[in-house]
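What follows is one structure encoded as structure tokens, with my remarks underneath.
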Amino acid sequence: MGFKKTSDTIAISFGLSETAPTTFTQEEIALQLDVLNNEIFVVLAVDLDLSQPDAVAATDTLVAASLTTTSQTALQTLSNSNCITTAQKAIRAAGFVDGGVAFERKADSTYSGDIDYIALISTNNFFVQVQGSLGNTVTKGVAGRVWGYRARADASTYAALVQSEVLSA
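Just add 215 to the spot in the sequence shown (first one is 1) and you have our numbering.
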């Protein structure tokens with residue numbers, strides 16, 4: 216690896232609510248990295264806890280969130296290289312006379328291997344996004360926590376990480 220750990224594990228907590236029902240909302244979380252000394256943030260784990268979607272008879276509802284290394288204009292999926300994790304809760308009720316059936320999905324729901332880290336953040340921040348579907352009548356939100364540590368990258372690693380993160384935005 217082209218970086219050296221410079222801190223103990225840090226937990227960064229956040230919360231974000233939609234500005235209005237079914238409205239894409241994003242928040243920037245500052246890491247306050249020392250960019251002059253090639254400091255990066257090594258992400259070890261992420262937890263996203265979503266609001267419940269509204270249970271509306273005969274209507275599908277959804278709450279979804281994503282966490283990315285760059286600013287976005289819509290919710291992201293893991294097909295975006297800057298997306299670290301996603302989560303969603305859905306209620307499928309179309310065609311039912313009651314509130315339907317609930318489903319939940321998180322990006323880490325199937326991986327069980329042993330890895331050193333899940334992402335590297337080389338710019339000074341990360342972004343969290345949330346949005347509910349059209350069936351929801353009240354605002355929805357996400358609360359979360361990111362665990363990681365600060366590290367100092369060598370010059371070539373740092374340059375490659377910044378270029379990759381910024382150019383793939």
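Every residue, glycine too, gets a C-beta built ideally from N, C-alpha and C.
Terminal residues of the continuous alpha helix (DSSP H) containing residue i?
i           : result
residue 272 : Residue 272 -> no alpha helix (DSSP H), and no H or E assigned at all.
Please return the same chain residues whose Cβ sits closer than 8 Å to the Cβ of residue i, not counting the five positions on each side in sequence.
i           : result
residue 370 : 253
residue 240 : 231, 232, 233, 234, 344, 345 and 346
residue 329 : none
residue 158 : The chain is shown from 216 up to 384; residue 158 falls before or after that span and cannot be answered.
residue 339 : 245, 246, 247, 248 and 250
residue 291 : 281, 283, 297, 298, 301 and 344
Please list the terminal residues of the continuous beta strand (DSSP E) segment that includes residue i.
i           : result
residue 379 : Per DSSP, residue 379 belongs to no beta strand (DSSP E); it is in the alpha helix (DSSP H), 370-382.
residue 385 : Past the edges of the chain, shown from 216 to 384, lies residue 385, and the structure says nothing about it.
residue 461 : As shown, the chain starts at 216 and ends at 384. That puts residue 461 outside it, with no answer to give.
Whose C-beta lies closer than 6 Å to the C-beta of residue i among residues of the same chain, with five residues either side of it excluded?
i           : result
residue 284 : 297, 336, 341 and 380
residue 263 : 280, 302, 357 and 359
residue 304 : 265, 268, 278 and 319
residue 228 : 360
residue 377 : 337
Residues in its own chain within less than 7 Å of residue i by CB, not counting five upstream and five downstream?
i           : result
residue 324 : In this predicted model, residue 324 has a pLDDT of only 48, less than 50, meaning its place in the structure is not dependable; the value taken from the coordinates is given anyway. Taken in chain order, the list of residues that qualify is empty.
residue 287 : 241, 342 and 344
residue 289 : 239
According to DSSP, simplified to helix, strand and coil, what is residue i?
i           : result
residue 388 : Only positions 216 to 384 of the chain appear in this structure, which leaves residue 388 out of reach.
residue 324 : At residue 324, the pLDDT of 48 sits below 50, so the modelled position is not reliable; the number obtained from the coordinates is stated separately. In this structure, residue 324 counts as coil in the three-state DSSP scheme.
residue 332 : coil
residue 352 : coil
residue 292 : coil
residue 283 : strand
Check whether the Cβ atoms of residue i and residue j lie closer than 9 Å to each other.
i           : j           : result
residue 363 : residue 274 : no
residue 268 : residue 354 : no
residue 276 : residue 308 : yes
residue 282 : residue 261 : yes
residue 373 : residue 299 : no
residue 350 : residue 271 : yes
residue 259 : residue 333 : yes
So is residue i in contact with chain B if we call contact Cβ pairs under 9 Å?
i           : result
residue 279 : Looking for chain B here will not work: only one protein chain is present.
For the region 217-274, list the beta strand (DSSP E) runs that are entirely contained and at least 3 residues long, ordered along the chain. Taking only runs of at least 3 residues, the beta strand (DSSP E) segments lying wholly in the region 217-274 are 218-220, 225-232, 240-245 and 254-265.
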